[in-house]
Amino acid sequence: MSRPPIARPPRRMVSPQEAARRYNVSTKSIRRRVADGSITGYRVGPRLIRLDLDEVEAALLVPIPAAGDRHDDAA
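Numbering (our numbering), first residue to last: 3 to 77.
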């Protein structure tokens, strides 16, 4: 007896303009991230590009360590 496939939540796909608007960055910044490969762009039809919102979030929202968590090598 085989197991049913595990359902993944649907991807939340947005345009580069919508991603830029959501994270208050320029469209150029989003397109630069697509060009350097840190965000994957998906072509939909001949002209449209869509981005996975979870991937955009992971690329743009980098945690800043707390002041007590810093490791200074200067001793």
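Here a beta-carbon is modelled for each residue, glycine too, at the ideal position from N, C-alpha and C. A quick note: this is a predicted structure, and the numbers were derived from the prediction, not measured.
- How many angstroms separate the CA atom of M15 from the CA atom of A68? 32 Å
- Task: Could you please give me the residues that DSSP links to I51 through a beta bridge?
- Result: R45
- Task: Provide the residue(s) that pair with V16 in DSSP beta bridges, ordered along the chain.
- Result: Beta-bridge pairing links V16 to L53.
- Between the CA atoms of P6 and D2 - distance to the nearest angstrom: A question about residue 2 goes unanswered here, because the residues of the chain that appear run from 3 up to 77.
- Which word fits P18, buried or exposed, when buried means at least 16 other C-beta atoms lie within 10 angstroms of its C-beta? buried
- Query: So E57 packs on T42, CB below 8 Å; how close in whole Å?
  - Reply: 6 Å
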